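First comes the structure, then the notes that go with it.
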Amino acid sequence: MTPRATQREFYTIGEVCELFGMKAHVLRYWETQFPALAPAKSRQGNRLYRPRDLELIALIHRMVRDERYTLEGARTRIDEMRREGTADALAARSLERAFLRSLRGELEQVLALLGPASG
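See below:
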């Protein structure tokens, strides 16, 4: 996924999991723990995540994985940030960072495929 992918309207659970490097069952569990994380569903029942869902997932991911919050602690802190008016900006930055991390991983894979430079 690339940063311009944020212009899309919907993302599948597989795309979201690939972007954040997580398993689908973890994301589905987070949906039960964060009421604001409620993706739309297609007629077939598949989850469809919107860009605002990705921002929230990025924020949760950052807090749980990088800052070592518990899920309850992350939920509480996100609620506090919403009241303060800082949640949206931090969520957007978290998503940008996730896109860059994903892009870096893809570039490293390409570099590995190309092998060492011969000289």
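Residue numbers for the sequence shown follow my numbering, so the first one is 1310 and each next one is one higher.
From the three backbone atoms N, C-alpha and C, an ideal C-beta is built for every residue, glycine too.
In this text, all values refer to a predicted model and were calculated from it rather than measured experimentally.
Note: residue 1320 is bridge-paired with 1358 in the DSSP secondary-structure output. For residue 1350, the beta-bridge partners assigned by DSSP are 1356.
Nearest to residue 1329 by alpha-carbon distance, out of 1381, 1419 and 1413, is 1413.
By the neighbour-count criterion, in which a residue is buried when 16 or more other Cβ atoms sit within 10 angstroms of its Cβ, residue 1356 is buried. With contacts defined by Cβ atoms closer than 8 Å, residue 1325 and residue 1369 do not form a contacting pair. Taking a C-beta distance under 8 Å as the contact criterion, residue 1364 and residue 1404 qualify as a contact pair. In the three-state reduction of the DSSP assignment, residue 1414 falls in the helix class, which pools H, G and I.
Residue 1386 sits close to residue 1378, with the two beta carbons spaced by under 8 Å.
Counting along the chain, the unbroken alpha helix (DSSP H) around residue 1383 starts and ends at 1380 to 1393.
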